[in-house]
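FYI, the numbering for the sequence shown is 1 to 270, going by the UniProt record's numbering.
Beta carbons: idealized from backbone N, C-alpha and C, even for Gly.
Input: a single structure, listed below in structure tokens.
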Amino acid sequence: MKKITQLLLLSVVGWGLTSCTTIKPGYVGIRINNFGGDRGVQDYTLETGRVMYNPWTEEIYTFPVFVQNYVWTKDINEGSSTDESITFNSIEGAVVNADVAISFVFKREKVPQIFQEYRQNADDITSTIIRAQVRDAINLVASKMKVTDIFGAGKEGLLTEVKNILNQRLEAKGIQVQLITFVNALRVDQQVQNSINATLTAAQKAAEAENRLKQAQTELEIAKINAQSNKVLSDSITPQLLQKEALEKWNGQLPMSTSGMPFLDLQTNK
């Protein structure tokens, strides 16, 4: 009886030293040993399911490995309750404010490395590390561009280059950016906006004038070709050709009455 009681006591103590958590689908777990020779972040991930651990010596953190979508916006009703929009400068020094959306993933096999380097959860890494990298990359690219290009045809190229820079910096660390884009309209002060509008309007009018010029040149070329064709055709019509065509169409009967010269020169075509 005494032995059974001891076994039960050991079981209770052992159970008290053991805890359980669940890794949800779309997440991986990270085991951290706080004691012993192998203490620290383990270099492997825990997959979906129930995981047993010792709460006295170990900690388990979960990390998302599905696509993360986030918007840093000025609107406090979207995303965060604070203004998280990103401000950058053009080559002229114009100040541009933007709402920026990003999609990225934490690579499953790199999660222990990510956690060991940053010691933060996914949300904190997004709002600090990744946002800082995005802001720096946008400033780096935009500072070499005119503000009219940022608002116009150069916007797509700017975002493509920013994405490439981010992946060069972050992919080796285990963070892969899939999409970076501006949402809502870019914001500048009214004076800069007026200048942008005037420049874009002038560019549009110049493009329309160029299109009209090209159309006029095309029409002129067509007219020249038609004139040349008509001249060749006119030069090719001779009395002999007319006589030949008339003979081909004649049924062999002469008119019942005629006046003047015969309509065919039979001797010529004999």
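Count the other CB atoms within 10 Å of the CB of G49; is the residue buried (16 or more) or exposed (fewer)?
For this step, residue 49 is matched to residue 49 along the sequence shown. Its Cβ having fewer than 16 others within 10 Å, G49 is exposed.
Among G29, V28, V95, I114, which one has its Cα closest to the Cα of A172?
For the purposes of this step, residue 172 is identified with residue 172 of the sequence shown, where counting begins at 1. Of the listed residues, the one whose Cα sits closest to A172 is I114.
Would DSSP call Q68 helix, strand or coil?
One-based indexing of the sequence shown puts residue 68 at position 68. Q68 falls in the strand class under three-state DSSP.
Between R108 and V28, how many whole angstroms is the CB-CB distance? I'm expecting something under 8 Å.
Here the question's residue 108 lines up with position 108 in the sequence shown. Here the question's residue 28 lines up with position 28 in the sequence shown. About 6 Å; that satisfies the 8 Å criterion.
Would you say I30 and F63 are within 9 Å of each other, going by their C-beta atoms?
Numbered from 1 along the sequence shown, position 30 holds the residue referred to as residue 30. Numbered from 1 along the sequence shown, position 63 holds the residue referred to as residue 63. Yes.
Taking only three categories from DSSP, how would you classify S19?
Numbered from 1 along the sequence shown, position 19 holds the residue referred to as residue 19. Strand at S19.
Which residues in the same chain have their Cβ closer than 8 Å to the Cβ of N34, if we skip the five residues on either side of it in sequence?
As a working mapping, residue 34 is identified with position 34 in the sequence shown. If we look at N34 and ignore the five residues flanking it on each side, its Cβ neighbours are T57, E58, E59.
Buried or exposed, going by whether 16 or more other CB atoms sit within 10 Å of the CB of Y53?
Position 53 of the sequence shown, counting from 1, holds the residue named residue 53. Buried is the call here.
In whole angstroms, what is the alpha-carbon distance linking S11 and T22?
In the sequence shown, counting from the first residue as 1, residue 11 sits at position 11. In the sequence shown, counting from the first residue as 1, residue 22 sits at position 22. Residue placement at S11 is flagged as unreliable, the pLDDT there being 44, under the threshold of 50; the coordinate-derived value follows with that caveat. So the two alpha carbons sit approximately 22 Å from each other.
Cβ-heavy atom distance, R131 to the ligand SAM, below 8 Å
Ligands are entirely absent from the displayed structure, and the ligand SAM is therefore not among its contents.
Can T82 and I76 be called in contact, C-beta distance under 9 Å?
Within the sequence shown, numbered from 1, the residue matching residue 82 stands at position 82. Within the sequence shown, numbered from 1, the residue matching residue 76 stands at position 76. Yes; because the gap between Cβ atoms is below 9 Å, this pair is in contact.
Considering only residues of the same chain and omitting the five flanking positions on each side of I129, which have a CB-CB separation below 8 Å?
To locate residue 129, count along the sequence shown from 1; it is residue 129. Contacts found: Y118, Q120.
Ordered along the chain, which non-local residues of its own chain (more than five positions away) have a Cβ less than 7 Å from that of L158?
Sequence index remark: in the sequence shown, residue 158 carries index 158 (1-based). Once the five neighbours on either side are set aside, the close Cβ partners of L158 are V141, A142, M145, I150.
Verify whether the separation of the beta carbon atoms of V188 and L166 is less than 9 Å.
Residue numbering aside, residue 188 sits at position 188 when the sequence shown is read from its first letter. Residue numbering aside, residue 166 sits at position 166 when the sequence shown is read from its first letter. Not a contact, by the Cβ cut-off of 9 Å.
I'd like to know whether the C-beta atoms of N97 and L186 end up nearer to each other than 9 Å.
As a first step, residue 97 must be located in the sequence shown, where it is residue number 97. As a first step, residue 186 must be located in the sequence shown, where it is residue number 186. Yes.
Please list, in chain order, all residues of the same chain as A137 whose beta carbon is under 6 Å from its beta carbon, the five residues on each side excluded.
What you label residue 137 is simply residue 137 of the sequence shown in a count that begins at 1. Excluding residues within five positions, the ones whose Cβ falls inside 6 Å are V162, I165, L166.
Nearest by alpha-carbon distance to T126: which of G26, Q215, W72 is it?
Numbered from its first residue, the sequence shown carries residue 126 at position 126. Among G26, Q215, W72, the Cα nearest to that of T126 is on W72.
In this structure, how does DSSP classify D189 when only helix, strand and coil are distinguished?
On the sequence shown, position 189 is the one that residue 189 refers to. Assignment of D189 by DSSP, reduced to helix, strand and coil, places it in the coil class.
Across which residues does DSSP place E59 in a beta bridge pair?
For this step, residue 59 is matched to residue 59 along the sequence shown. Paired residues: I32.
Where do the N-terminal and C-terminal ends of the beta strand (DSSP E) with R169 fall, by residue?
The count along the sequence shown starts at 1 and reaches residue 169 at position 169. From DSSP, R169 is part of no beta strand (DSSP E) but of the alpha helix (DSSP H) over 155-170.
Would you mind reading off the limits of the alpha helix (DSSP H) that contains T148?
Counting from one through the sequence shown, the residue named residue 148 turns up at place 148. From DSSP, the alpha helix (DSSP H) with T148 extends over 147-151.
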